[in-house]
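First comes the structure, then the notes that go with it.
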Amino acid sequence: MFLGLSNIILERIQQIIGKKRLFRFYSMFGIRRIIEMAYLFTLLFLFAGIINALLEIETVSKYSSEWSLVRSFGIQSFMDTFLNFLLISIGTLGVYLMYIGGRKTGTRIPSLYVLSGIIIIILNMFILLFIISYKGG
1 MFLGLSNIIL ERIQQIIGKK RLFRFYSMFG IRRIIEMAYL FTLLFLFAGI
51 INALLEIETV SKYSSEWSLV RSFGIQSFMD TFLNFLLISI GTLGVYLMYI
101 GGRKTGTRIP SLYVLSGIII IILNMFILLF IISYKGG
């Protein structure tokens, strides 16, 4: 009974929104997409320095709490790792927007993508320079 009801519901959804859109929705949340996203986040956390932050928990706790920025380049706290992760993610978004702008055809839309990507990367660099100056560089 339940299986028949779910088939009826799926057929009705296919009639309303079309097979192509329904396939896109399924492929967006498929097992392959979930594995890709887990791989991406794992790489971003490794690039941000999560292993170094885990190794330096005792050293950070001597100077301050684990969730504050330590004014030293020799020590990395969890806040440093989070900010590195955030900066890498934002920079990747800016590069991706510029990539989309290069692929689109037309007059206004590509320039808006490229301009927004450049602005995001410039803001990202300002935040990075602020963190470096705060840490004593």
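Going by our numbering, the letters in the sequence shown line up with residues 1 to 137, in that order. Beta carbons: idealized from backbone N, C-alpha and C, even for Gly.
Approximately 17 Å separates the beta-carbon atoms of Ile-100 and Asn-124; this is outside 8 Å, ruling out the contact.
Shown here for Glu-56: same chain residues with a beta carbon closer than 8 Å to its own, the five before and five after excluded, namely Ile-75, Gln-76, Ser-77 in chain order. In the assembly as shown, Ala-48 is a buried residue. Its beta-carbon has 16 or more other beta-carbons within 10 Å. DSSP places Arg-33 within a helical segment (H, G or I) once states are collapsed to three. Linking Leu-86 to Ile-31 through their CA atoms gives a straight-line distance of about 26 Å.
For Thr-59, same chain residues with a beta-carbon under 7 Å away, outside a window of 5 residues either side, are Ile-75 in chain order.
For Leu-128 against Tyr-113, the beta-carbon gap comes to about 22 Å, at or over 8 Å, which does not count as contact.
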